[in-house]
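Numbering-wise, the numbering used here comes out as the position in the sequence shown, counting from 1, plus 123. Idealized CB from N, CA, C, for every residue including glycine. Computed from a predicted structure; not experimentally measured.
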Amino acid sequence: MEGSHQLSNINHNVSTKLAKFAVSLDIQVSRNLKEGAIVTRFTKSNGLWCYLLLPMILIMYTTLYKMSVQYHIVTCVSVGLFFYCMLFILFLSISSVILKEFDFGGCMASSLISALLIYIFLGKGLLTSLVSALPCIYFFNAMLKISVINLPKTFTIGEAMVISQSITLFVTASIIEFLNGVVNGIDEESTFINTLVLTVLSTMGLIVTALFFLNDSYKNVKSLGYIITIGTVIMLLEWHLIMGPKCIIRIIEYIFMDFKRVKLLTIWLSMVIVAIFIIFIQTKMSTKASTVTRKTFHVLASLVFLSGILTDIPLMTLAAGIGLALLIFTEALRICGIEPISSALHSAFVVYSDEKDSGVLAMTPLYLFTGLACPLILAPSEAQLDMLAGVLAVGVGDTAASCIGSTFGRTHWAGSNRTLEGTAANILSQVAVICMLQYFELLETKNAIIRTLIAATVSASVEAKTDQVDNLILPLVTILVFQVTYFLS
């Protein structure tokens, strides 16, 4: 008993010291950011812990499931990003110079870690390992600096690291998939879908880049039409190069020659029309949308993803890629100054924006979409419960917490504007959805209710305490808890 008591005291002391160190580190980072005239999104903390999430998720999946070689390469790269983020936080706690000067040493050290992992565990050549790792770490370094310096008030440091990690790892995976498609051809359905998503997003990237480099005198609807036409031609050429001359016929057959898919697309289209109608009415009224009104879009988006994940994951993945491209295009149109389109989009943004949209970009809709879609990229298709992590955490739990908390909430968490009533609604709503899915035999995962209860409790606690963006962080936290409770399945 005495030994157990001593061990408990040691654990308590270690936890206390770690907590104090984390707070001290966060304060020092905030001080250096202020001295360097770098303005991040205003919050109580910088969310320095967020960089842990993506690498941990990728490592867990490579350990628990049989994943592809491409997935293993991306995981090795994520480990390099993990170590670079550690160095970045350490340097930033000393000085803000790390954000203004090129960090050759940190990038090289982190790149070598990823390269060694690829070389040792995947058996790739040393040159291949270095080529796979070096560009990724340097690209991440550039993305992180752009996020923090060029987009003031848009991200916290933690959010910027997660966003930069996500873009870097997605681009890495896309390039590997593209090269695989060119070398080995498009045979498997997953490769076909990934190729379509890659080409659509890369084309959208070119269109958005062209819009931002467009001279002010050419910012009109006519120029926009030219840019979209050129982008479409480039995309068709990419399809022809990778999938052959019958690429259009193959795409049409895949989507429209299956009656179930046509029905699913019809349902999704009807929900999009409802969402556009709500936006139009609210914008015409010129009144600030309430929390309940904003959460309507969470529900509609969640229904789209829920139906897709349960019935047709490949089609859902394709639709998610196209939807993300359209969201990025819409946001680019809003801020690029092409009238009258930009003004109309900005009017809708003003009505629906919340306090977290304080920067240059309207990140809330992008966060919602990526939060719902990220399990499609991260989780293997056989992990059905994990695939629902975004829907549960953001579409169900966070929506219930906001609506119930803002309407009936009375008892607040210490040091937070979140309520105990909202947290309870968060947990119960997620468990209720899983109960319904199992009752109608739409979900067959063993012990899904217990695992969801644990995951919902953790994500609801994080939602109540964190000041980082819920739509970005909560799905990743939920996935991680589902992985930890994998032994129950």
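Under a three-way DSSP split, which group does residue i fall into?
i: Thr542; result: strand
How far does the alpha helix (DSSP H) with residue i in it extend, from its first residue to its last?
i: Ser614; result: Because the chain spans 124 through 612 in this model, residue 614 falls outside it and cannot be assessed.
i: Ser325; result: Glu312 to Phe335
i: Trp362; result: Val344 to Met366
i: Leu491; result: Met486 to Leu501
i: Ala467; result: Ile464 to Tyr475
i: Leu508; result: Gln507 to Met510
If we ignore side chains and look at the alpha-carbon of each, how far apart do residue i and residue j end up?
i: Leu387; j: Cys497; result: 20 Å
i: Val422; j: Ser313; result: 28 Å
i: Gly520; j: Ala547; result: 9 Å
i: Leu156; j: Gly513; result: 32 Å
i: Lys345; j: Cys526; result: 43 Å
i: Val581; j: Val604; result: 8 Å
i: Ile351; j: Leu551; result: 46 Å
i: Gly203; j: Ile236; result: 6 Å
i: Ala238; j: Ala524; result: 43 Å
i: Phe531; j: Glu544; result: 7 Å
i: Asp509; j: Leu599; result: 10 Å
i: Gly281; j: Met366; result: 39 Å
i: Tyr242; j: Gly248; result: 6 Å
i: Ile445; j: Gly354; result: 14 Å
i: Ser191; j: Pro178; result: 16 Å
i: Phe225; j: Glu158; result: 19 Å
i: Thr139; j: Val146; result: 11 Å
i: Tyr174; j: Phe165; result: 19 Å
i: Asp339; j: Leu347; result: 12 Å
i: Ile404; j: Ser465; result: 18 Å
i: Lys418; j: Ala283; result: 24 Å
i: Ala571; j: Ile432; result: 16 Å
i: Leu210; j: Asn264; result: 12 Å
i: Val285; j: Phe262; result: 14 Å
i: Thr453; j: Leu141; result: 43 Å
i: Ser234; j: Ile212; result: 17 Å
i: Gly481; j: Ser529; result: Correcting the residue identity first, residue 481 is Ser in this sequence and not Gly. When rounded, the distance between both Cα atoms is 21 Å.
i: Leu449; j: Lys143; result: 44 Å
i: Thr613; j: Trp172; result: For residue 613 there is no data in the structure shown, the boundaries of the chain being 124 and 612.
i: Glu564; j: Asp149; result: 47 Å
i: Leu245; j: Ser287; result: 25 Å
i: Val220; j: Ala455; result: 30 Å
i: Leu499; j: Leu337; result: 35 Å
i: Glu311; j: Pro437; result: 11 Å
i: Thr410; j: Arg373; result: 46 Å
i: Leu240; j: Ser297; result: 20 Å
Between residue i and chain B, is the shortest Cβ-Cβ distance under 8 Å, so that the two count as touching?
i: Cys558; result: No chain B is part of this structure, which consists of one protein chain only.
If I'm right that residue i touches residue j with Cβ under 8 Å, what's the distance once you round it to whole angstroms?
i: Val200; j: Leu292; result: 7 Å
i: Ile316; j: Thr493; result: Wrong, their Cβ atoms sit about 18 Å apart, outside the cutoff.
i: Ile577; j: Leu566; result: Not confirmed; about 16 Å, so no contact.
i: Val473; j: Thr277; result: Going by Cβ atoms, the distance from Val473 to Thr277 rounds to 17 Å, so no, they are not a contact pair.
i: Val670; j: Pro258; result: For residue 670 there is no data in the structure shown, the boundaries of the chain being 124 and 612.
i: Ile180; j: Ile596; result: Their Cβ separation, rounded to whole angstroms, is 12 Å, which puts Ile180 and Ile596 out of contact at 8 Å.
i: Gln553; j: Thr575; result: 6 Å
i: Ala471; j: Ile401; result: About 10 Å separates the two Cβ atoms, so there is no contact after all.
i: Leu495; j: Gly518; result: 6 Å
i: Ile458; j: Lys342; result: Wrong, their Cβ atoms sit about 11 Å apart, outside the cutoff.
i: Ala412; j: Tyr475; result: 5 Å
i: Tyr207; j: Ile260; result: 6 Å
Continuous beta strand (DSSP E) assignments of at least 3 residues falling wholly in the stretch 376-449: none
Uninterrupted alpha helix (DSSP H) stretches inside the stretch 185-254 (no shorter than 4 residues): 192-215 and 227-244
Length-filtered (4 minimum) alpha helix (DSSP H) runs lying within the stretch 134-163: Qualifying alpha helix (DSSP H) stretches: none in this window.
Secondary structure, alpha helix (DSSP H): runs of 4+ residues fully inside the stretch 548-605: 571-588
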